[in-house]
Every structure is written in C-alpha cells, then in structure tokens.
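Only one structure is covered here, and it is reproduced in the block below.
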Amino acid sequence: MFEFNAEQVAFQRAFRQFVEREIKPHVLALERGEMLPYEIMRKIARTFGLAELAKKRVEKMEEREKRGLPRREGGPRPNDQGFGLIMTVELSRVSPGLTMAFGATVGLFAGAVMARGTAEQRRLFALPALSLDKIGAWAITEPGAGSDAFGAMTTVARPNGDNYQISGQKTFITNAPFADHFLVYAKIDRGEPAAERPIGAFILDRGMAGLATSKPMAKMGMHSSPTGEMFLDNVTVGRERLLGGSERTGGREGPRQVFRDERSGIVPMALGIIERCLEESVRYARQRVQFGRPIGEYQLVQEKIARMAVARENVRNLFFKMLCLRREGRRLSLAEASTAKLYAARAATEVALEAVQIFGGNGYMQEYAVEGLARDAKLLQIGAGTDEIQIVTIANSLLQAD
8 MFEFNAEQVA FQRAFRQFVE REIKPHVLAL ERGEMLPYEI MRKIARTFGL
58 AELAKKRVEK MEEREKRGLP RREGGPRPND QGFGLIMTVE LSRVSPGLTM
108 AFGATVGLFA GAVMARGTAE QRRLFALPAL SLDKIGAWAI TEPGAGSDAF
158 GAMTTVARPN GDNYQISGQK TFITNAPFAD HFLVYAKIDR GEPAAERPIG
208 AFILDRGMAG LATSKPMAKM GMHSSPTGEM FLDNVTVGRE RLLGGSERTG
258 GREGPRQVFR DERSGIVPMA LGIIERCLEE SVRYARQRVQ FGRPIGEYQL
308 VQEKIARMAV ARENVRNLFF KMLCLRREGR RLSLAEASTA KLYAARAATE
358 VALEAVQIFG GNGYMQEYAV EGLARDAKLL QIGAGTDEIQ IVTIANSLLQ
408 AD
C-alpha cells in the first residue's frame, strides 16, 4: 500500500500550515497582480532551508567530479523523499500560478543548469536560483514553435569569434517579465540548412544589450504566474554562457529531459487542484440548502462528488508511483510522463469544472476558490505539450516498441 512515511507526513503538515498562513490570505492580491509571487517564494526558501540544501547539492556534484566519478544528469537520487513533489501538491491546492513561477525557477531553469552546466555555471546561476535569491526563466517556446519546439525554432545564435550573437523571439515564458536570468535555446547558425543546425542553450541576464521582455501577458488563468515574451536582437555572449561550455553538450536531449520532468510535474499540480476542489465541493454540498434539503442529498450532486473522488484516487496513485520511483533513484520515462500528464491534466480540469457546477452561481465568483482553480486547471492540458502531443508520444512509444 502506498502511503507517506512519518518524515513525509511531518513535512506535509508543516508546509500546509505555512501555505495556509503565508499564501492563502494573499491569493486574491496575487491573482489581481497587486502582489508578485517572488517574495513569497523567497520566504519559502528561507523557512525551509532551500539555500543550504542547494549548497550541499552543488558541493556533492563537485566532489563527485573531483573523484572522477560519472556525472549524473540530474533527477532524483536514491532515498529521495520527494519533498519537492509534496510542496507542489500543497502549493497547487491554493495557488497553482505561484507553483508555476516557483517551478520555472527551481525546476526548469536551475534544474537544466544543474544537469548540463559547468561547475562555474552551477555556482553562478543554478545555486542562486535554487535558493530563490535570483529568479530564472526557461525559454524554448516561440510564436511559431510551440509543440514543434525544435523543428520550427527560428531563434539563432551566430558564432562571431569567441562570442555568439543571438537573435529571435520567445513567447509564453514563465517569469520572463521579472526574471534575473534566462536559459534561451537557439539554433547555432554556421550556414547549414535550418533543419541541420545544432541546438544550443545560453544563459542570459536581464539588462544585456539587445534583450528585452514584455509586460505580463493577460491570460485566462494562472494569473499569479507572470508570463511574457522575450525579444533578442544580436545579444552578444561569450562561450562561458553556452550551457556546458561546449556545443557538444547542447542538442535536443537536454530539453527532452526537461520536457519529461515538466510533464511529470503536472501530476502533483493536478492532485493539489483535485484535492482542494473535492474538499470545497463536499463542504458546500453539506451546507447549501435547496428545496429544503442540502444539495448533497441529491443523487446528481452525489455522482459529481463520487467522480471527483475517483479522479483523486487515480491521480494520487500516479503521484505515489512517482514517490516510489524517487526512493529508488529513478523517474518516469518520457512516455510514462506523457501518460501521467494526459490523465492528470484532464482529470483536474473536469473536477474543477464540476466543482464550479456544484457551487452554481457562487462557483462563477472570484471569492470562491473553485473559480480560479477551474481557470488554472485548463493550462495543465496545454502547457508542457498539449493533450494531443501527449497522445502522439504515447502511441508512438507503443507502436515503435520492439
């Protein structure tokens, strides 16, 4: 039977108390743009010692390299307790948007630098992002290159002596309007046909000449997560800003690993949304009276709540599978991550919309949590690859298997 151990239970309890005390009272301000998520993110880091954990992680990697041991490409370590996954669930119960801003810095930006960067890059860029002293953004999506991120990419990095000149545009980039550092993917242009150009990732800083970002975009949901565009006009950087320090360490495999982890990360987000929607719906169904009876006594409402409970159980099982793999130092394959994301994202969206329906007119009002959760949940079916892309990935993995 899957269940939390004592250490995980204690951490979940402490983190939920933090969320209830430090985040929940500010949700409407975050949603309306009256407050940015970053100071709260830094408070999480200070409260739960993320800076010290990050420092130890970097030191362990450096020690392995000094001893000549094989480099690990990121991911969970044996006996990993999955506290990051638990944090994601608890944050998503209250503010999925803040969860995205947090994950883009710690998971996407810092995670990629930790996995592929040089020792100096880990110290200069990953460590400050893991401790939330600096905010990071991971930039691969373009106006014409969403699901076909590699094939349709038009952002280029042209070698110029010891430097690269980067030009192009990125869009739908989490944290872009306020990030301190950006990991930007571009095709290295040495005159080959576009389809043959290698992919490189470059670490850029806010304020570099030729780099501009937009104001936060107006979105359907995830209002607590600032999203924007990036414009690059001959941004000049040295080779020390090329991730890994060599064009050989770039390529498509690094982003693919990030895609896998990003898709896996949808599962705890979906679980948090489903848990909160179910709890709010049960509470409301007990209290709301129509025609002289609590609406929870009507079978149509009971069916909705029962289906929510089924979705929670299924997504919870996916979540515990991820925890068990982490204890073994493993993680989901790309196809498994796509399978988990497809189901969890759809389940979260359906549950959130049913919660709105149970609440009726109140569910359409911003003062009730289910309204915002319904808007936020929809992005889980779009971000990190649409449902349709997940279906293609899953089917191809089966059809091409030996």
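Numbering follows the numbering used here, with no gaps: position 321 of the sequence shown is 328. All C-beta atoms in this analysis are idealised placements derived from N, C-alpha and C, irrespective of residue type, glycine included. This one's a predicted model, so the numbers in the text were calculated from it and none came from an experiment.
Sorting A21, V65, E203 by C-alpha distance to the C-alpha of R123 places V65 at the top. Counting only the Cα atoms, I273 lies some 35 Å from T243. Around the C-beta of T54, fewer than 16 other C-beta atoms lie within 10 Å, and the residue is accordingly described as exposed. Non-local C-beta neighbours of N86 in its own chain, meaning closer than 7 Å and more than five positions away in sequence, comprise R334, ordered along the chain. Between K222 and P184, the C-beta gap is smaller than 8 Å, which places the two residues in contact.
Under the 10 Å beta carbon count, K311 is surrounded by 16 or more other beta carbons and is classified as buried.
In the structure shown, the three-state DSSP call for A144 is strand. A Cβ-Cβ separation of about 25 Å leaves D187 out of contact with D169 under the 8 Å criterion. Rounded to whole angstroms, V322 and S345 show a C-alpha spacing of 14 Å.
With respect to the C-alpha of P233, the residue from Y45, Q15, Q24 having the closest C-alpha is Y45. Around the Cβ of C331, a 10 Å sphere holds fewer than 16 other Cβ atoms; the residue is exposed. Around the beta carbon of K194, a 10 Å sphere encloses 16 or more other beta carbons of the protein chains shown; the residue is thus reported as buried. Collapsing the DSSP output to three states places L105 in a helix. A202 is not a Cβ neighbour of S288, given a cutoff of 8 Å. Sequence-distant partners of Q19 (beyond 5 residues in either direction) whose C-beta falls short of 6 Å from its own C-beta, in its chain, are I93. At the C-beta level, A133 and T181 stay beyond 8 Å of one another. In the structure shown, Y192 adopts extended strand secondary structure according to DSSP, grouped into three states.
Looking from the CA of F189, the closest CA among R165, A156, R314, G235 belongs to G235.
Contact between A391 and T356 fails: their C-beta atoms lie close to 14 Å from each other, not under 8 Å. Inclusion of M42 and F109 in the CB contact set at 8 Å is not warranted, their separation being larger than that value.
In the structure shown, Q388 adopts coil according to DSSP, grouped into three states.
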